[in-house]
């Protein structure tokens, strides 16, 4: 990939991600906000693929765009049921919150800048073969713990929803 | 360096959403934006490492992805349960934590 195409792709992905994030922040219509979140998640998956993490990009697509986003849409449909018109989202109209948030992100930028400055520019993350060798080798305990965590999360969701139905 | 700027901007937009939004669904979506920004930075920096180290970053990022998905599922389940009981999803009105 030539440098121009690579740079253009980076900026295109950045633009889509920032637009999606802005729509999550600003849009009042709840379904449009969900669509903006979808665009953001697609751009994040694009970033993963751009940096050579193909398996991670696919996982992001399946888990987020195919799973979490659909879950959010279901939650919106379950929760935002009202008699009058389309549900809207409101913001606290206080610029201090935004100033505080961007102060934190500016601090993060200043703190991480020396680390990023010494990072190289070459490297290949490898494919699913390297990843599976790692997950079923040195990182096997963490991988198993992740399975237990997911199972715990599943049981928690069932318990929470069951209690909500009885209540 | 542009990657860091974009990731920090995404993180800032997500944090603004967490602080500014009044609806729990939008707050959860903003948390996803924050985590997405952090993941982009993690992966972008991981791509600059050697193949072995980058594979480790690949594994760590995959695990973080799964944890975030579990967090989102539990958060949405809590949201639906709270909305059923309290009849609201506005964070200003959800001020009590009871068992």
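Chains as they are written, first to last, in the working numbering: chain A, 12 to 178; chain B, 45 to 143.
Glycine included, every Cβ here is placed at the ideal spot set by N, Cα and C.
Item: Ignore the nearest five residues each way along the sequence and tell me which others in residue 88/B's own chain have a CB closer than 6 Å to its CB.; Value: 47
Item: Among 51/B, 55/B, 57/B, which residue has its Cα nearest to the Cα of residue 22/A?; Value: 51/B
Item: Mind checking residue 88/A: buried by the 16 CB within 10 Å criterion, or exposed?; Value: exposed
Item: With respect to the alpha helix (DSSP H) encompassing residue 64/B, which residues constitute its N-terminal and C-terminal limits?; Value: 46-64
Item: Rounded to the nearest angstrom, how far is the Cβ of residue 57/B from that of residue 77/B, given a contact under 8 Å?; Value: 6 Å
Item: Extract the residue ranges of the alpha helix (DSSP H) inside the region 64-114 of chain A, only unbroken runs of 4 or more that lie entirely within it.; Value: 65-71, 80-90
Item: Residues in the same chain with beta-carbon distance under 6 Å from residue 67/A, minus the five sequence neighbours each way, listed in chain order, please.; Value: 59
Item: Report buried or exposed for residue 143/A, applying the criterion of at least 16 other Cβ atoms within 10 angstroms of its Cβ.; Value: exposed
Item: Between residue 127/B and residue 133/B, is the Cβ-Cβ spacing less than 8 Å?; Value: yes
Item: Checking contacts by CB at 8 Å: is residue 174/A closer than that to chain B?; Value: yes
Item: Looking only at C-alpha atoms, which of 139/B, 122/B, 140/B, 130/B sits nearest to residue 69/B?; Value: 122/B
Item: What is the DSSP secondary structure of residue 134/B, counted as helix, strand or coil?; Value: strand
Item: So residue 45/B contacts chain A; which residues on that side make the cut at Cβ distance below 9 Å?; Value: 124, 127, 128
Item: Span of the alpha helix (DSSP H) holding residue 34/A?; Value: 14-37
Item: Do residue 55/B and residue 82/B have their beta-carbon atoms positioned less than 8 Å apart in this structure?; Value: yes
Item: Please say whether residue 74/A and residue 109/B have beta carbons closer to each other than 8 Å?; Value: yes
Item: Quick one: Cα of residue 147/A to Cα of residue 57/A, how far?; Value: 26 Å
Item: Does any residue of chain B bring its CB to less than 8 Å from the CB of residue 88/A?; Value: no
Item: Take residue 131/B as the anchor and find which of 105/A, 90/A, 103/A, 84/A has the nearest alpha-carbon.; Value: 90/A
Item: Give a yes or no on whether the minimum CB-CB distance between residue 155/A and chain B is below 8 Å.; Value: no
Item: Taking the straight line between their C-alpha atoms, what separation do you get for residue 90/B and residue 129/B?; Value: 44 Å
Item: Looking at the unbroken alpha helix (DSSP H) that takes in residue 62/A, where does it start and where does it end?; Value: Run containing residue 62/A: none; DSSP gives neither H nor E here.
Item: Output, in sequence order along the chain, the residues in the region 87-99 of chain B whose CB is closer than 7 Å to any CB in chain A.; Value: 87, 88, 89, 90, 91, 92, 93, 94, 95, 98, 99
Item: Would you report the Cα separation of residue 59/B and residue 37/A, rounded to the nearest angstrom?; Value: 13 Å
Item: Count the other C-beta atoms from every protein chain shown that fall within 10 angstroms of the C-beta of residue 67/B, then say buried if there are 16 or more, exposed otherwise.; Value: buried
Item: Judging by CA-CA distance, which residue of 43/A, 29/A, 79/A is the nearest neighbour of residue 84/B?; Value: 29/A
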